[in-house]
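Since the structure comes first, as structure tokens, the remarks are kept for the end.
Protein chains: 2
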Amino acid sequence: MSEKQEGITAKKNDDFSEWYTQVVVKGELADYGPVQGTIAYRPTAYAIWESIQKQFNDMIIGSGHRNVYFPLLIPESLLTREKEHIEGFAPEVFWVTHGGDNKLSERLAVRPTSETVIYSFYSKWVRSWRDLPLLLNQWCNVLRAEIKSTKPFIRGSEFLWQEGHTVHATVNEADEEVMRILEYYKILVEDYLAVPVLIGKKSEREKFAGAFYTTTLEAMMPDGKALQAGTSHNLGQNFSKPFGIQFLDQNNKSQYAWTTSWGVSTRLIGALVMIHGDDRGLVIPPKVAPIKAVIVPIYKGNEGEPVVKKANEIKSALGKHGIAALIDARDDRTPGWKFSEHEMKGIPVRIEIGPKDMKEKKVVIFRRDTAEKKSIEESSVAKATAELLDDIQKNLLVRAREALKKQTIEAKDYADFKKTLEERGGFLKCGWCGSDKCEGSIKEETGATIRVIPFEQDKKIPDCIYCGKQGKEIVYFARAY
Amino acid sequence: MSEKQEGITAKKNDDFSEWYTQVVVKGELADYGPVQGTIAYRPTAYAIWESIQKQFNDMIIGSGHRNVYFPLLIPESLLTREKEHIEGFAPEVFWVTHGGDNKLSERLAVRPTSETVIYSFYSKWVRSWRDLPLLLNQWCNVLRAEIKSTKPFIRGSEFLWQEGHTVHATVNEADEEVMRILEYYKILVEDYLAVPVLIGKKSEREKFAGAFYTTTLEAMMPDGKALQAGTSHNLGQNFSKPFGIQFLDQNNKSQYAWTTSWGVSTRLIGALVMIHGDDRGLVIPPKVAPIKAVIVPIYKGNEGEPVVKKANEIKSALGKHGIAALIDARDDRTPGWKFSEHEMKGIPVRIEIGPKDMKEKKVVIFRRDTAEKKSIEESSVAKATAELLDDIQKNLLVRAREALKKQTIEAKDYADFKKTLEERGGFLKCGWCGSDKCEGSIKEETGATIRVIPFEQDKKIPDCIYCGKQGKEIVYFARAY
Numbered sequence: 001m002s003e004k005q006e007g008i009t010a011k012k013n014d015d016f017s018e019w020y021t022q023v024v025v026k027g028e029l030a031d032y033g034p035v036q037g038t039i040a041y042r043p044t045a046y047a048i049w050e051s052i053q054k055q056f057n058d059m060i061i062g063s064g065h066r067n068v069y070f071p072l073l074i075p076e077s078l079l080t081r082e083k084e085h086i087e088g089f090a091p092e093v094f095w096v097t098h099g100g101d102n103k104l105s106e107r108l109a110v111r112p113t114s115e116t117v118i119y120s121f122y123s124k125w126v127r128s129w130r131d132l133p134l135l136l137n138q139w140c141n142v143l144r145a146e147i148k149s150t151k152p153f154i155r156g157s158e159f160l161w162q163e164g165h166t167v168h169a170t171v172n173e174a175d176e177e178v179m180r181i182l183e184y185y186k187i188l189v190e191d192y193l194a195v196p197v198l199i200g201k202k203s204e205r206e207k208f209a210g211a212f213y214t215t216t217l218e219a220m221m222p223d224g225k226a227l228q229a230g231t232s233h234n235l236g237q238n239f240s241k242p243f244g245i246q247f248l249d250q251n252n253k254s255q256y257a258w259t260t261s262w263g264v265s266t267r268l269i270g271a272l273v274m275i276h277g278d279d280r281g282l283v284i285p286p287k288v289a290p291i292k293a294v295i296v297p298i299y300k301g302n303e304g305e306p307v308v309k310k311a312n313e314i315k316s317a318l319g320k321h322g323i324a325a326l327i328d329a330r331d332d333r334t335p336g337w338k339f340s341e342h343e344m345k346g347i348p349v350r351i352e353i354g355p356k357d358m359k360e361k362k363v364v365i366f367r368r369d370t371a372e373k374k375s376i377e378e379s380s381v382a383k384a385t386a387e388l389l390d391d392i393q394k395n396l397l398v399r400a401r402e403a404l405k406k407q408t409i410e411a412k413d414y415a416d417f418k419k420t421l422e423e424r425g426g427f428l429k430c431g432w433c434g435s436d437k438c439e440g441s442i443k444e445e446t447g448a449t450i451r452v453i454p455f456e457q458d459k460k461i462p463d464c465i466y467c468g469k470q471g472k473e474i475v476y477f478a479r480a481y
Numbered sequence: 001m002s003e004k005q006e007g008i009t010a011k012k013n014d015d016f017s018e019w020y021t022q023v024v025v026k027g028e029l030a031d032y033g034p035v036q037g038t039i040a041y042r043p044t045a046y047a048i049w050e051s052i053q054k055q056f057n058d059m060i061i062g063s064g065h066r067n068v069y070f071p072l073l074i075p076e077s078l079l080t081r082e083k084e085h086i087e088g089f090a091p092e093v094f095w096v097t098h099g100g101d102n103k104l105s106e107r108l109a110v111r112p113t114s115e116t117v118i119y120s121f122y123s124k125w126v127r128s129w130r131d132l133p134l135l136l137n138q139w140c141n142v143l144r145a146e147i148k149s150t151k152p153f154i155r156g157s158e159f160l161w162q163e164g165h166t167v168h169a170t171v172n173e174a175d176e177e178v179m180r181i182l183e184y185y186k187i188l189v190e191d192y193l194a195v196p197v198l199i200g201k202k203s204e205r206e207k208f209a210g211a212f213y214t215t216t217l218e219a220m221m222p223d224g225k226a227l228q229a230g231t232s233h234n235l236g237q238n239f240s241k242p243f244g245i246q247f248l249d250q251n252n253k254s255q256y257a258w259t260t261s262w263g264v265s266t267r268l269i270g271a272l273v274m275i276h277g278d279d280r281g282l283v284i285p286p287k288v289a290p291i292k293a294v295i296v297p298i299y300k301g302n303e304g305e306p307v308v309k310k311a312n313e314i315k316s317a318l319g320k321h322g323i324a325a326l327i328d329a330r331d332d333r334t335p336g337w338k339f340s341e342h343e344m345k346g347i348p349v350r351i352e353i354g355p356k357d358m359k360e361k362k363v364v365i366f367r368r369d370t371a372e373k374k375s376i377e378e379s380s381v382a383k384a385t386a387e388l389l390d391d392i393q394k395n396l397l398v399r400a401r402e403a404l405k406k407q408t409i410e411a412k413d414y415a416d417f418k419k420t421l422e423e424r425g426g427f428l429k430c431g432w433c434g435s436d437k438c439e440g441s442i443k444e445e446t447g448a449t450i451r452v453i454p455f456e457q458d459k460k461i462p463d464c465i466y467c468g469k470q471g472k473e474i475v476y477f478a479r480a481y
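From first to last, the protein sequence lines are chains A and B. According to this note's numbering, the residues represented by the first sequence are 1 to 481, in order. According to this note's numbering, the residues represented by the second sequence are 1 to 481, in order.
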């Protein structure tokens, strides 16, 4: 275990990419798999994912959605039925061609997303307006053959996500569903992961392959690159027509249904690492931290027993307040080594207890986000820890909001746009005439894309940052993961 | 929805296979997917699976295991490293050969089980005796190309399961882990699913491909065929050697580790359907039923409002006791139609309330397992429902134990063995000399295999049922799913 003692050697501000990799690997969130772009999700990362699952399940089950599971393998003839959809996904599909020694009669896609296979069921299940809305969600793995720019959690050949797939009688109901879910995502990402986001629509060029329109949550990473944190799509009747999802309305007339799909993935784990982590390592927001506090008994020689006993009492006091804590009583490590280890792994609060503290009926309490320490009455340890966890959660979001604000810049003109992008990245707020041509030229010349067209537009729209014609919308450009 | 009204048309005792398919499909547990042997797990089935996950997670997390997630795709060179393992799985592996248009340099297996890919990580993670035991589990999908005898939940090309993979310093610790998990499985399967099982070891011929030994839980289905409900394997050092899982012991000496693996799958859903279902449809054991009770308000014309209000009060009273209930107030269905529907879908308890009941401050309460109805005081409805759910849970297990007892038969001689197997199936208890040859001949001649060698052996072992030589062990033969 000696390699751990050195901790994170890269600095977040100096070499962000190397820093990220070290935090993920040394912080034991993930390790690289034998196939390019695959990782193992280690216990802490998976527990964060389980927290996310629990929070989001509470929201969607409470609003009438139900969890289900659909097949991984999709026959090629199904996947290719909606033309824009397959064009978007074709380059990254893993194809199964053999079962044992037998060549299959038709190639099977390993799902890159599940619209097509799910709609093959929905076309059987939806008959009448009474069957609508159909509100289903699945938690599963999806695969996309990524050969470049892979990065644990952020971009890989396999990731975990939820994908919701709903069917509605009218476009309005589909619109409402899209916005309801986007709002849930905003709560999940901001209130639980403490990752602030901009929300709005995607441009035609950037929307989901096959969608009527796409709404998105966009976060900004410390290196100036945007990260799409989740999307919620109104698919219109683009899929219900080729897949034959029809229902008899209340006048007994056959209608094509309106469908939506929406997803967030384990990418969110990458976002929280990038945003909250520091040079000591990971910082996990308390609400999704599997272990909220670590208790380190400090003693020399044979003083250990009463201190460890006290540590157990504290753990039990925390447990009564619903605070999951861990005691680190390993006898082959110094307190300093343990401190570094738990800081690297991002545990929000540390409680230190030694013979001197015990005599004074005190403990030392340390918060991971600011690295502040203070001595408190032992009798109030549970209450103090609960308050501290709340405060850390709030502080992480405040800090991240400040960073986002600093990284959101109004571009005066295209020269300024390019200069800012080159020097510091971030979201470049500007006017856009709405033409795909300007958007495409900017992408080609700078690598930046329209990340989001905010729902709330300013009253005055600046002229198009590229062509100078009258602006139609304010948009946020950025380079992105 | 008119096709539902007809309910289950096949009789469990007349055409078990057709009855099972109807219960699964009409009861809306599953529907057939576009690829042979794949299904969609519909909301009720998936909710049962989530109940199973919750119960088993509580057991394993409480005993120090942690959940993780490993990659789906396994390079061919890894999968083939342990020879017996690949021989066992080769015929059913789905192979990925292309990513987009690019032919891959090496074929990738879609995991049929994950020992090999997991051990590629473990060989990096395990260094010292201090890293042991390593106790990890994953909930995931696995794929096996099944082309014949596919049956929803029971045998398919894709299923959901958990697979635990642990590493230990000694064979004793691995033995203990294998038995600890087997005991958890027994509690899960008997106390939650109300499916009684025989437990013991597999013969060499029937053990997991690559295992040192396999322990198993075997259930008996009503048609006389056994169903393997779960397995827990000691893999010895069979995998740690080819995969290089070594640790430095307390004397700083390098040792190969001992590993175990264990799993239960969505097959358990199939088992509970087969065992508890009846000619009206599904019967879900209360402990795993997502909806414990359905409340049906009964009224004519304009009497509805107070009855529906009362139904809501009852739902709320049940909710306070933690009993999830559903009100069926649809106005386009008769009470009788609703009764059939909810019975078909296996909801454990039904509460009927009409104007006459309200006047008398009573409700009618119906139990799905015995189809008994009684009138009770409305004020005691939550308590009565809770007691009834308990009683149904117990009764289902008692009934299933009686059935298992009747289906476990001591075979006097080989002629009797064959006659019984042909006439009624079931577990055939008999002596076995321990030779693979006798076991193989019986399989060839009758289709029956040794399902389990019970841990608790009788004092007197009968002679081998096949060769008549001295019996070494008592074993249970059966034909199996």
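Ideal placement from N, C-alpha and C gives every residue a C-beta, glycine not left out. Just so you know, these numbers come straight off a predicted model, no measurement behind them.
query	result
Cβ of residue 151 (chain B) within 9 Å of any chain A Cβ	no
Between the CA atoms of residue 8 (chain B) and residue 22 (chain B) - distance to the nearest angstrom	6 Å
Length of the line joining the Cα atoms of residue 166 (chain B) and residue 134 (chain B)	5 Å
Own chain, CB closer than 6 Å to residue 1 (chain B), minus 5 neighbours either side, in chain order	Interpretation of residue 1 (chain B) is limited by its pLDDT of 39, a score under 50 that renders its predicted location unreliable; no figure is taken from the coordinates.
Residue of A:210, A:216 and A:191 minimising C-alpha distance to residue 182 (chain A)	A:216
Cβ pair residue 319 (chain A), residue 478 (chain A) closer than 9 Å	no
Nearest-angstrom Cα separation, counted from residue 128 (chain A) out to residue 253 (chain A)	10 Å
Chain B contacts made by the stretch 55–69 of chain A, where a contact means CB separation under 8 Å	66, 67, 68 and 69
Beta-ladder partner(s) of residue 161 (chain A), from DSSP	A:140 and A:265
Top-ranked residue by Cα proximity to residue 467 (chain A), from A:439, A:451, A:241 and A:446	A:439
Interface residues of the stretch 323–336 of chain A facing chain B [CB-CB below 9 Å]	330 and 332
Cβ-heavy atom distance, residue 12 (chain B) to the ligand FAD, below 8 Å	As far as ligands go, the structure on display features none, and thus does not contain the ligand FAD.
Euclidean distance between Cα positions of residue 251 (chain A) and residue 374 (chain B)	42 Å
Three-pair Cβ contact test at 8 Å for the stretch 253–273 of chain B versus the stretch 41–49 of chain B	yes
Contact the stretch 353–368 of chain B vs the stretch 141–156 of chain B: 3+ CB pairs below 8 Å	no
Contact with chain A by residue 6 (chain B), beta-carbon distance below 9 Å	no
Test: residue 249 (chain A) CB closer than 9 Å to a CB of chain B	no
Residue from B:189, B:243 and B:296 whose Cα sits closest to the Cα of residue 350 (chain B)	B:296
Selection from B:98, B:460 and B:451 that minimises the alpha carbon distance to residue 481 (chain B)	B:451
Span separating the alpha-carbon of residue 371 (chain A) from that of residue 24 (chain B)	56 Å
Nearest residue (CA-CA) to residue 210 (chain B), options B:197, B:221 and B:235	B:235
Short CB-CB distance (under 9 Å) between residue 262 (chain A) and chain B	no
Closest Cα partner of residue 226 (chain B) within the set B:81, B:437, B:197 and B:66	B:197
Straight-line gap, residue 434 (chain A) to residue 465 (chain A) (C-alpha atoms, nearest Å)	11 Å
Contact check, residue 275 (chain B) vs residue 219 (chain B), beta carbons under 9 Å	yes
Buried versus exposed call for residue 77 (chain B) [16 or more other C-beta atoms within 10 Å across all chains shown]	exposed
CB contact check: residue 147 (chain A) to chain B, cutoff 9 Å	yes
The stretch 79–99 of chain B in contact with the stretch 62–70 of chain A per 3-pair CB rule at 8 Å	no
Proximal residues of chain B, C-beta to C-beta of residue 95 (chain A) below 7 Å	96, 97 and 98
8 Å Cβ shell around residue 272 (chain B) - same chain, five flanking residues per side excluded	48, 193, 194, 195, 284, 285 and 288
Same chain, Cβ closer than 6 Å to residue 3 (chain B), neighbours up to 5 away in sequence not counted	The pLDDT assigned to residue 3 (chain B) is 42, lower than 50, so where the model puts this residue is not dependable, and the model offers no usable value.
Every unbroken beta strand (DSSP E) inside the stretch 54–87 of chain B [3 residues or more]	73–75
Every unbroken beta strand (DSSP E) within the stretch 276–333 of chain B, with a cutoff of 3 residues, ordered by chain	293–297 and 325–327
Alpha-carbon to alpha-carbon, residue 260 (chain B) and residue 164 (chain B)	8 Å
Element boundaries [alpha helix (DSSP H), containing residue 340 (chain A)]	335–344
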